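S.K.: Letter by letter, the sequence shown follows residues 8 to 288 in our numbering.
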Amino acid sequence: MYTVQEKWDLLLEEDLCDHCLGRQFAKLGHGLENYERGAIIREKDEVNEDSFSRDNVPEGAELGGSCHVCQEVFEKMDHWVELVEDSFERYELDTFLIGIRPPSDVLKAEEELWEDYGLEWVEPIKTELSRLIGKRLEPELGIEVDFKRPDINAIIEMEESKDRVEMQVNSLLIYGQYNKYSREIPQTEWHCRNCRGDGCDECEWTGKQYPTSVQEEIQDPFMRETKGIEAKFHGGGREDVNARCLGKREFVLEIIEPLNRNLDLEELQEEVNDSTDKIEV
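Rendered as structure tokens:
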């Protein structure tokens, strides 16, 4: 294991940019970006753990730069930000998270650096890129980073042959309660027993055993407003088709990959109840 000074002496021979140099000491100091740590190191003749403070950041420190490890990914920050903004354009969202898939050559160069100088104090390049891009997007789009359950997780593919954003859109979950007054509908859609959903003469080519269900009576206006690709109905138990349910059974309606999330739930509740006498929410 190297001391801070020993690691500093060795790394200065690697001809790293400020980002990649500072990232090897990312866990030292507080409230600093890695390029600022790199700039501090470059200005000092000697360093220790106390060297990494805001007071020691030189005036010329700035984001950007390139070396054999990062291969210009930090020079393309504007491009990555614009790529994500374009991908978000179709969606209504309040929270997000950025994931990074760096070029394979960058990952290999970074791993070789770790093998030579150790993992103490380091931060992976994909973590730094995720943070920097997220910090740019928050004020520009008026949305917030959420590490636990973001509305959308945007994975940036930085390999030159890909250069795209993979969107992982979390479901919208809507909690409610229903009463079922009809003795002729199931809780969820049933496929026709004869054709198993393909459509046949017996089901009049609907693919369904019953014309409608509790799920279908509830989900249609929500699907229209969210523009999701699919809905799933999670009931807190279920009743027989020929049984009524008057005890306000709990349910969660899950909308898969919604475009819109900000809904007027009272208005949609009223629409559901006005459209049918079979159920009430």
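Even glycine gets a Cβ: it sits at the ideal position worked out from N, Cα and C.
Model, not experiment: these values are computed from the prediction.
Under a three-way DSSP split, which group does Lys6 fall into?
M.R.: Any answer about residue 6 is impossible in this case: the structure gives the chain only from 8 up to 288.
S.K.: Let me know the alpha helix (DSSP H) ranges lying completely inside the segment 101–186, each 4 residues or longer, listed in chain order.
M.R.: 111–124 and 132–148
S.K.: Closest to Leu275 by CA distance: which of Glu264, Glu287 and Ile163 is it?
M.R.: Glu287
S.K.: Report, in whole angstroms, the separation of the C-beta atoms of Gln175 and Ile159, which I expect to be a contact under 8 Å.
M.R.: 7 Å
S.K.: By the three-class DSSP mapping on this structure, what secondary structure does Gly242 have?
M.R.: strand
S.K.: Thinking just about the alpha-carbon of each residue, which of Leu114, Asp57, Arg49 and Ile107 is nearest to the one in Gly36?
M.R.: Asp57
S.K.: Can you list, in chain order, the residues of its chain whose CB lies under 8 Å from that of Ala33, leaving out five sequence neighbours each side?
M.R.: Asn41, Arg44, Trp128, Val129, Glu130 and Glu135
S.K.: With Ala238 and Glu261 assumed to form a contact (beta carbons below 8 Å), what rounded beta-carbon distance in angstroms separates them?
M.R.: 7 Å
S.K.: Reducing DSSP to helix, strand and coil, say where Leu28 ends up.
M.R.: helix
S.K.: Quick check: the segment 228–235 against the segment 198–213, are at least 3 beta-carbon pairs closer than 8 Å?
M.R.: Too few Cβ pairs lie closer than 8 Å, so no.
S.K.: Tell me the residue span of the alpha helix (DSSP H) that contains Leu18.
M.R.: Val11 to Leu18
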